[in-house]
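Chemist: Residue numbering for the sequence shown follows this note's numbering, starting at 117 and increasing by one per position. We treat Cβ as the ideally placed atom computed from N, Cα and C, and that holds for glycine.
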Amino acid sequence: MVRIRVLVVDDHRIFAESLAAALAAEPDVEVAAAGSGPAALRCLERAVAEGRRYDVLLVDADLGGRPTGGRSPVPVRDAEEEGLVDGLSLVAGVRAAQPAVRTVVLAGKDDPRRAALALGAGACGWVAKDCSLSRLLAVIRGVLRDETHLPPALLTGVLKELTAARRHRSESERLVESLTPREREVLRCMVAGLGRKAVAERLYLSPHTVRTHMQNVLGKLGVHSTLAAVALARRAGVGPVDLAGNVVERGGQLA
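#1: Span of the alpha helix (DSSP H) holding E142?
#2: For A122, which option in D171, A156 and V259 has the closest C-alpha, if you only look at C-alpha atoms?
#3: Checking the sheet assignment: what are the DSSP bridge partners for H265?
#4: Which of the three DSSP states is assigned to L123 in this structure?
#5: Start and end of the beta strand (DSSP E) containing R300?
#6: In this structure, how does DSSP classify A349 when only helix, strand and coil are distinguished?
#7: Roughly how far, in whole angstroms, is the beta-carbon of P228 from the beta-carbon of G167, given that I think they are within contact range, below 8 Å?
#8: Would the beta-carbon of A244 fall within 9 Å of that of K225?
#9: Would you identify the three-state DSSP class for A216, choosing helix, strand or coil?
#10: For the alpha helix (DSSP H) that contains L321, what are its first and last residues?
#11: Does the distance from the C-beta atom of G153 to that of L206 stay below 9 Å?
#12: If you compare alpha carbons, which of R230, A165 and E142 is closest to K276?
#13: Could you tell me if D373 is buried or exposed, where buried requires 16 or more neighbouring beta carbons within 10 angstroms of its beta carbon?
#14: For V118, which of helix, strand or coil comes out of DSSP?
#15: Contact defined as beta carbons within less than 8 Å: I believe V259 pairs with V220. What is the distance between those atoms, to the nearest angstrom?
#16: What's the C-alpha gap between A223 and L179?
#17: To the nearest angstrom, report how far apart R318 and L310 are at their CA atoms.
#18: Below 7 Å CB to CB, which residues in the same chain sit around A138 once its five sequence neighbours on both sides are set aside?
#19: Quick check on DSSP: helix, strand or coil for V164?
#20: If you draw a straight line from the C-alpha of C240 to the C-alpha of L334, how long is it?
#21: Report yes if the C-beta distance between V124 and L160 is below 9 Å; otherwise report no.
#22: Can you look up L334 in the DSSP assignment and give me helix, strand or coil?
#23: Taking Cβ positions, are V354 and R290 nearer each other than 9 Å?
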């Protein structure tokens, strides 16, 4: 029998224990539980090292607090010194590190915006915490067939959110495309968190010239602060300049 390996990630210990125990009663399901994002990441890494990868992650949408309580029949590993990881960040991290793992978000309430964000982060489903066990098992098996699962009541709202996000991204991309190559390089430095002096040193420009480029970037993007420019750049898919790499070649004389 091919067994489905499931990892429950929830910092509410009683819920995690109960759900893990219910799933473990299924003959084709092998389940473990983690009480935090860092603990889940350790479980995933350990499983890879042992050649026993997880198939599905069930992640609490409100993940973020340290678990409390006593011992559990299915061990729930606590967060330690690494700090906490919220649910959507965990979804995105797992998607990047182990794309074969299917992630389903368990939510206490319907929220079209957060459901759309979860799908954008790489989740394959959004399921109510109070759904029936048969429904949850159907979702687990469905995502392994590359299906996407959402509650019917959320479909319209999620589609609206995804459409709005796509439109917003398209507008951001159009604004970024209006920048000159040098201005785009300055913007990437801004995304990396570099200040004017650091940008000047990296691009072999004077601070005065960098200031002018930054002002031009803000004007063309239609924003009034570096933070707003960075947020727009990220929506458009602009990543930070590689701080570990070499500085760009000299582009001209200092102004």
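Modeler: Well, looking at it:
#1: Within the sequence shown, residue 142 is the residue found at index 26, counting from 1. It is not in any alpha helix (DSSP H) - E142 carries neither H nor E in the DSSP assignment.
#2: The residue labelled residue 122 in the question sits at position 6 within the sequence shown. Note that residue 122 corresponds to Val in the displayed sequence, not to Ala. Checked all of D171, A156 and V259; the closest Cα to V122 is D171.
#3: In the sequence shown, counting from the first residue as 1, residue 265 sits at position 149. In DSSP, H265 forms a bridge with G241.
#4: In the sequence shown, residue 123 corresponds to position 7, counting from 1. It is a strand residue.
#5: On the sequence shown, residue 300 is found 184 positions in, with the first residue counted as 1. It is not in any beta strand (DSSP E) - R300 instead sits in the alpha helix (DSSP H) that spans P297 to V307.
#6: Here residue 349 refers to the residue found at position 233 when the sequence shown is read from its first residue. A349: helix per DSSP, three-state reduction.
#7: Walking along the sequence shown from the start, residue 228 turns up at place 112. Walking along the sequence shown from the start, residue 167 turns up at place 51. By a beta-carbon distance limit of 8 Å, P228 does not contact G167. Their separation comes to about 39 Å.
#8: Here the question's residue 244 lines up with position 128 in the sequence shown. Here the question's residue 225 lines up with position 109 in the sequence shown. Yes; because the gap between Cβ atoms is below 9 Å, this pair is in contact.
#9: For the purposes of this step, residue 216 is taken as the residue at position 100 of the sequence shown. Of the three classes helix, strand and coil, the one that applies to A216 here is coil, per DSSP.
#10: Position 205 of the sequence shown, counted from the first residue, corresponds to residue 321. Element bounds for L321: n/a, residue is neither H nor E.
#11: Here residue 153 refers to the residue found at position 37 when the sequence shown is read from its first residue. Here residue 206 refers to the residue found at position 90 when the sequence shown is read from its first residue. Here G153 is near L206, since their CB atoms are less than 9 Å apart.
#12: Taking the first residue of the sequence shown as 1, we reach residue 276 at position 160. Of the candidates R230, A165 and E142, the one whose C-alpha sits nearest the C-alpha of K276 is R230.
#13: The displayed coordinates of the chain run from 117 to 371. Any statement about residue 373 would go beyond what the structure contains.
#14: Numbered from its first residue, the sequence shown carries residue 118 at position 2. Correct three-state label for V118: coil.
#15: Here residue 259 refers to the residue found at position 143 of the sequence shown. Here residue 220 refers to the residue found at position 104 of the sequence shown. Indeed they touch by this definition, with Cβ atoms about 6 Å apart.
#16: Taking the first residue of the sequence shown as position 1, residue 223 is located at position 107. Taking the first residue of the sequence shown as position 1, residue 179 is located at position 63. Those two C-alpha atoms are separated by around 10 Å.
#17: The residue you call residue 318 lines up with position 202 of the sequence shown. The residue you call residue 310 lines up with position 194 of the sequence shown. Distance between the alpha carbons of R318 and L310: 10 Å.
#18: As a first step, residue 138 is located in the sequence shown; it is residue number 22 there, counting from the start. For A138, same chain residues with a beta-carbon under 7 Å away, outside a window of 5 residues either side, are L249 in chain order.
#19: Residue numbering aside, residue 164 sits at position 48 when the sequence shown is read from its first letter. The answer is helix: DSSP assigns V164 an H, G or I state.
#20: As a first step, residue 240 is located in the sequence shown; it is residue number 124 there, counting from the start. As a first step, residue 334 is located in the sequence shown; it is residue number 218 there, counting from the start. One C-alpha to the other measures close to 37 Å.
#21: Stepping through the sequence shown from its first residue, residue 124 is reached at position 8. Stepping through the sequence shown from its first residue, residue 160 is reached at position 44. For the 9 Å CB-CB criterion, V124 and L160 do not form a contact.
#22: For the purposes of this step, residue 334 is identified with residue 218 of the sequence shown, where counting begins at 1. It is helical.
#23: On the sequence shown, residue 354 is found 238 positions in, with the first residue counted as 1. On the sequence shown, residue 290 is found 174 positions in, with the first residue counted as 1. It is not a contact, given that the beta carbons lie outside the stated cut-off.
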